[in-house]
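> Below: one structure in structure tokens.
Residue numbers (my numbering): 1463 to 1575.
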């Protein structure tokens, strides 16, 4: 099965690889090798990840690659790596406006067009 990497995930891999190379070149090589092995494994075993409560979207699976979390989607003939992050990073989420008054907003009736 074909495995592709989304622009978001590709950017993360590039940025993390550069960061690791500056800190410890061996770690950067290991990281990039791990990504390559992950792509090979996903092409053979696309269902090897699991769905998580953190991302309860049907069809999105997560695989733990060492310290990294990899979210991906399995299609009919393709696996797409959607997101990748270090396990210590905060999960992506929806920002909610803290001072928004939901009751006040609900009091405005919609009259239609």
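Positions of the beta carbon are idealized from the N, C-alpha and C atoms, including for glycine.
Please state the DSSP three-state secondary structure of residue 1466.
Counted from its first residue, the chain shown places residue 1466 at position 4. It is a strand residue.
> Measuring alpha carbon to alpha carbon, tell me which residue in 1494, 1515 and 1534 is nearest residue 1521.
Taking the chain shown and counting its residues from 1, the one referred to as residue 1521 is at position 59. Answer by Cα proximity: 1534.
> Does residue 1557 come out as helix, strand or coil in the three-state DSSP assignment?
To locate residue 1557, count along the chain shown from 1; it is residue 95. Any reading at residue 1557 is ruled out, since the residue's pLDDT is 49, under 50, leaving its predicted position unreliable.
> Can you list, in chain order, the residues of its chain whose CB lies under 6 Å from that of residue 1494, leaving out five sequence neighbours each side?
Indexing the chain shown from 1 puts residue 1494 at position 32. Here the set comprises 1479.
> Taking a contact to mean a Cβ-Cβ separation below 8 Å, would you say residue 1504 touches residue 1541 in this structure?
Here residue 1504 refers to the residue found at position 42 of the chain shown. Here residue 1541 refers to the residue found at position 79 of the chain shown. Contact: yes.
> In terms of residue numbering, what span does the alpha helix (DSSP H) encompassing residue 1495 cover?
Position 33 of the chain shown, counting from 1, holds the residue named residue 1495. In the DSSP assignment, residue 1495 falls within the unbroken alpha helix (DSSP H) covering 1487-1506.
> Rounded to a whole number of angstroms, what is the C-alpha to C-alpha distance between residue 1487 and residue 1481?
Along the chain shown, read from residue 1 onward, the residue named residue 1487 stands at position 25. Along the chain shown, read from residue 1 onward, the residue named residue 1481 stands at position 19. When rounded, the distance between both Cα atoms is 9 Å.
> Quick one: what's residue 1543 bridged to in DSSP?
In the chain shown, residue 1543 corresponds to position 81, counting from 1. DSSP output for residue 1543 lists 1467 and 1534 as bridge partner(s).
> Pull up the distance between the alpha-carbon of residue 1532 and that of residue 1545, whole angstroms please.
On the chain shown, position 70 is the one that residue 1532 refers to. On the chain shown, position 83 is the one that residue 1545 refers to. Rounded to the nearest angstrom, the two C-alpha atoms are 6 Å apart.
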